[in-house]
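full-length UniProt numbering applies: residue 1 is where the sequence shown begins, and numbers increase by one. Just so you know, even glycine gets a beta-carbon here, dropped at the ideal spot from N, CA and C.
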Amino acid sequence: MIKDFGRRAFIKKTLTLLSGLSMYGCGGGSGSSGTTPAPSPTPAPTPPAFLVHPSDQTAVKGDIATFETLASGAEPLFYQWQRNGLDIPGATGLTYTTSPTALGDDAVFSVIATNSAGSVTSLDAQLTVLPPKITADSTSVTVDSTLLTVDNSLI
């Protein structure tokens, strides 16, 4: 860009380096012999990258499951957890804990990390919910000639 201020013309040059840094400089023309020193290059913000992806979880019906993550990149970093590809309202921390699970709550969980340089989605983590195990306590069995009573307990 050239600007004419009377008899002097000033040229602003921008040099983009391979690393993504920019340097700015101005040179005087028409008799000027000096240049204005360029300010120090400002590094471009680093986009987020996952250091820890959420891992698969197995829960017994009624238990909770907790997923964890960690990302690097320019601060601040923001997180949004998803269940089957849909945002979970209010789930914006480094961890997400489900409510007590029910049969049929099997799902795929992931998290999106975002900062000023972009966003990235984690690998998927599978939640599998199992039915509770039922065992018979042999000390609770009562037998008489016409009636059999067995008390079961959940483990």
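Which of the three DSSP states is assigned to residue i in this structure?
i: residue 110; result: strand
i: residue 115; result: strand
i: residue 134; result: strand
i: residue 94; result: coil
i: residue 69; result: coil
i: residue 101; result: coil
i: residue 123; result: coil
i: residue 86; result: strand
i: residue 44; result: coil
Is the separation between the beta-carbon of residue i and that of residue j shorter than 7 angstroms?
i: residue 125; j: residue 54; result: yes
i: residue 117; j: residue 39; result: no
i: residue 71; j: residue 102; result: no
Using the beta-carbon count (16 or more within 10 Å), is residue i buried or exposed?
i: residue 78; result: exposed
i: residue 21; result: Confidence at residue 21 is low in this model, with a pLDDT of 42, below 50, so its placement is unreliable and the value that follows should be read with caution. Result: exposed.
i: residue 127; result: buried
i: residue 241; result: Absent from the model: residue 241. The displayed extent of the chain is 1 to 155, so no value can be given.
i: residue 122; result: buried
i: residue 115; result: buried
i: residue 93; result: exposed
i: residue 73; result: buried
By how many angstroms is the C-alpha of residue j removed from the C-alpha of residue i?
i: residue 107; j: residue 43; result: 40 angstroms
i: residue 50; j: residue 135; result: 42 angstroms
i: residue 80; j: residue 41; result: 32 angstroms
i: residue 97; j: residue 75; result: 24 angstroms
i: residue 82; j: residue 95; result: 12 angstroms
i: residue 57; j: residue 105; result: 12 angstroms
i: residue 62; j: residue 90; result: 22 angstroms
i: residue 132; j: residue 120; result: 36 angstroms
Measure the beta-carbon distance from residue i to residue j and round it to whole angstroms, keeping in mind my assumption that it falls under 8 angstroms.
i: residue 129; j: residue 59; result: 5 angstroms
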